[in-house]
Amino acid sequence: MRGGLPLAEWREFERTDMALQFYDTMAREKREFTPADPSRVTMYVCGPTVYNYTHIGNARSAIVFDLLFRVLRHHYGEAHVAYARNITDIDDKIINASRETGEPIEAITKKFAKIYRAELATLNALPPTFEPAATGHLAEMIALVENLIAAGAAYEGEGHVLFAIEKFADYGKLSGVDQDEMIAGARVEVAPYKKNPADFVLWKPSKDDEPGWPSPWGRGRPGWHLECSVMIEKQLGKTIDIHGGGQDLRFPHHENEIAQSTCAHQGAPLARYWLHNGFLRMGSDKMSKSLGNVLLTHELLKQWPGEVLRWALLSAHYRQPLEWTEKLLEQSKRQLDRFYRMLEEIEFTEDGGDPPESLMLALNDDLNTPEAYAALHELRDIASQMDGEPRKNAIVKMRAAGRFMGFFYEKPETWFQGQTTDGPTADEIDALLVARADARKAKNFAKADKIRDDLAAQGIILEDGPDGATWRRE
Ligand code: AMP
Ligand code: ZN
509 MRGGLPLAEW REFERTDMAL QFYDTMAREK REFTPADPSR VTMYVCGPTV YNYTHIGNAR
569 SAIVFDLLFR VLRHHYGEAH VAYARNITDI DDKIINASRE TGEPIEAITK KFAKIYRAEL
629 ATLNALPPTF EPAATGHLAE MIALVENLIA AGAAYEGEGH VLFAIEKFAD YGKLSGVDQD
689 EMIAGARVEV APYKKNPADF VLWKPSKDDE PGWPSPWGRG RPGWHLECSV MIEKQLGKTI
749 DIHGGGQDLR FPHHENEIAQ STCAHQGAPL ARYWLHNGFL RMGSDKMSKS LGNVLLTHEL
809 LKQWPGEVLR WALLSAHYRQ PLEWTEKLLE QSKRQLDRFY RMLEEIEFTE DGGDPPESLM
869 LALNDDLNTP EAYAALHELR DIASQMDGEP RKNAIVKMRA AGRFMGFFYE KPETWFQGQT
929 TDGPTADEID ALLVARADAR KAKNFAKADK IRDDLAAQGI ILEDGPDGAT WRRE
């Protein structure tokens, strides 16, 4: 009992008392977060178009919103947060990739969706509650377009259906982009079937060699924006608590999602809070395929453990730009090494435990990851000044904080062994250790010493212990 309450109730009280607040792009300020229904908190994040390998800039959004998912689960309970991140598997970029490689569209999208999931798992991202794919929602997309035509917000022309932006008074409110800018916008095409050049495509016709589905407007396919509006409603409902994505999606993608959903749902807002992450940059430029300055996640994972990439991705506040450099990766690795050195002192368990309050205070405040890292360092400093059982307990607390953020998943010995592509692999070193033990048994000390010295020359340190030798990289 604490303060006259049974412990469980006290905890409930304590958790709800630690207010969450997020910067809402729509309100242009930080707002306290209160879900419409705390027993089902809903979040949607725009996922990738699966036509080739994704780059580390794409991973930033997935990791930022993975952290938010963790915070929400902590506050409302794991069973009470529904997180959907879609897979865009209908898109002209996919059609082009298929033309270029000769591979069927389905094979391309399946392959790269699988790779994307595997990469994010390596970065310790939790799987979302739902991962809807556009191809599973054609009937609903057609129904939404029909609904918009009936409401007078959309019109047909030459097999296309377009959304008439002047029918939605709040168009542009999220991004602050005005109509003149829209017309000038690079992605806007002037076309004879458009009444206003800024009107956007809901449905477009497919040529015979392009994927298409039968519709009241002929054989065709949906526009990208429509896919998200439909998947949000189907998986989560008409109005969701949080909609997230990269800041480049504010316009036109999110404006268009809002226009479609709001007009189809008699004015019900699409999302109650809008969160956008800043860009990952190379020098002063955004990392992007069109600039050709991308580093692919799967390439980086050949050189760095997933946790190092995750650490680097969360090192800046999510709304700030993040400059990606080799130095950032080296620093991230060194910081994690320092934590893992301490983790060697306690027994490994899979269990995380409750994160400490200092960490949650930082994360509750608009996911302040630099503050959260400061809290982690402080927990390590506290532990390092202790001895005996209190020291162990302090390290366990530090581990709980790190695990909550998606770090310290590895066994320390694995962390210090298996993480470089330079030099011998873990398997090769293990084999050499067996050879060395055999040599010692046979009293061939010259051979045993040579194995040790050769490994040392490659930065592999052997440590002899009562249960045989172990090794670590320098
Ligand atoms: P794209 O492949 O450009 O359509 O982007 C897919 C997702 O990654 C979107 O949510 C973008 O906002 C996000 N994204 C792309 N480039 C970056 C970047 N350099 N930094 C952060 N997010 C990015
Ligand atoms: Zn979207």
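In the numbering used here, the protein residues as written are 509 to 982.
Beta carbons are placed, not taken as given, at the ideal position from N, Cα and C, and that holds for glycine.
For clarity, every value in this text was computed on a predicted model and none was experimentally measured.
- For the beta strand (DSSP E) assignment, the uninterrupted runs of no fewer than 3 residues enclosed by the segment 517-600 are, from N- to C-terminal side, 529-532, 537-540, 549-553, 589-593.
- Excluding its 5 nearest sequence neighbours in each direction, N872 has C-beta neighbours in its own chain below 6 Å: M526, L528, listed in chain order.
- Under DSSP, R899 takes part in no beta bridge, so it has no partner.
- Pairing W782 with D532 gives a Cβ-Cβ distance under 7 Å.
- Placement of the Cβ of R568 at a distance of less than 6 Å from at least one heavy atom of the ligand AMP is found.
- When rounded, the separation of the alpha-carbon atoms in N655 and S714 is 22 Å.
- In the structure shown, G910 falls within a helical segment according to DSSP collapsed to helix, strand and coil.
- Rounded to the nearest whole angstrom, the C-alpha separation of K601 and Y848 is 42 Å.
- Residue G753 holds the alpha-carbon nearest to the alpha-carbon of P556 among L809, S798, G753.
- The continuous alpha helix (DSSP H) containing M868 extends over residues 865-872.
- I969 counts as exposed, since fewer than 16 other beta carbons sit within 10 angstroms of its beta carbon.
- Within the DSSP secondary-structure output, T978 pairs in a beta bridge with E971.
- Relative to G967, the option among F676, S723, E982 whose CA is nearest is E982.
- Between T747 and P777, the CB-CB gap stays under 7 Å.
- The continuous stretches of beta strand (DSSP E) do not include D957, which lies in the alpha helix (DSSP H) extending over residues 953-965.
- In the DSSP assignment, P878 falls within the unbroken alpha helix (DSSP H) covering 877-892.
- Under the Cβ criterion (8 Å, minimum of three pairs), the segment 562-582 counts as touching the segment 628-636.
- When DSSP states are grouped into helix, strand and coil, E697 belongs to the coil group.
- Counting other Cβ atoms within 10 Å of its Cβ, N604 stays below 16 and is therefore classed as exposed.
- In this structure, the CA atom of L710 is about 7 Å from the CA atom of V653.
- Between the alpha carbons of D688 and N704 lies a gap of roughly 11 Å.
- Looking at the DSSP output, Y848 bridges to nothing.
- Distance from E639 to I595 at the Cβ level is roughly 6 Å; contact confirmed, criterion being Cβ atoms closer than 8 Å.
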